[in-house]
Structure formats: C-alpha cells, structure tokens
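With positions in the sequence shown counted from 1, the corresponding number in the working numbering is that position plus 9.
No residue lacks a Cβ here, since even glycine has one placed at the ideal position from N, Cα and C.
Since we're looking at a predicted model, the values are computed, not measured.
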Amino acid sequence: MASTLLPAARAANPENGKSLHDARCRSCHTSIMNGEPDRIYTRENRRIHSLAGLRDQVSRCEANTGIRLDAQQTEDVIDYLNRQFYKFGH
C-alpha cells in the first residue's frame, strides 16, 4: 500500500500575519473607517462573533478585493487578527 506524504502545515505566525495585514488590508480599512483602520475590529456593531466568522470574513475580503494570499498566509492573518482583536481561542 503506497502512501503519500504531505508536508506538515506550519503553525500560524501572527507576526507574518500582521505584516501581511498591514501591507494588504490596512489601506482599505483606513478608507472604510475614516482614517481609523483598527476600528473595523473594535466597533460596537462589528460583524465577527466567532473564529469561523473571522475565517469567513477574511475569505470575503480576499475575494472582494482581489488580494491573493496562499493558505498559510491566510492562516497567519487570521491568527494575527484573532490574537490582536478577537481572542476567540483555537
């Protein structure tokens, strides 16, 4: 019986997630939130209420803006946002 070995996914890297977020997401959020980009995460009527919701929103942002992140980069951004703003646990 043959087996295929897949490379193990590395743990999410929140520092890389922050760099990616700042380079690829922040300018849009600055525009949307009138110069206060972090407010999108901390506002009272925020849309994200779970880790699954955060994953869905990051996917929507990627699709709607044309930002291209690979699977690991996406996990890094999600981990950064969760640690910095949401704190849902894993």
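| task | Pick out whichever of Asn54, Arg52 and Asp85 has its Cα sitting closest to the Cα of Val67. | result | Asp85
| task | Classify Ala21 as buried or exposed, calling it buried when 16 or more other Cβ atoms lie within 10 Å of its own Cβ. | result | buried
| field | Whether Ile57 touches Tyr89 by CB criterion (9 Å) | value | It is not a contact, given that the beta carbons lie outside the stated cut-off.
| field | Coil, strand or helix - Arg48 by DSSP | value | Secondary structure at Arg48: helix, using DSSP grouped into helix, strand and coil.
| Which value, in whole angstroms, describes the spacing of the CA atoms of Thr39 and Ser59? | 23 Å
| said: Using the Cβ count rule (16 or more neighbours within 10 Å means buried), how would you classify Arg49? | reply: The residue asked about is misnamed: residue 49 is Ile in this sequence, not Arg. Counting Cβ neighbours within 10 Å, Ile49 comes out buried, since at least 16 surround it.
| Where does His58 sit, in a helix, a strand or coil, going by DSSP? | Three-state result, His58: coil.
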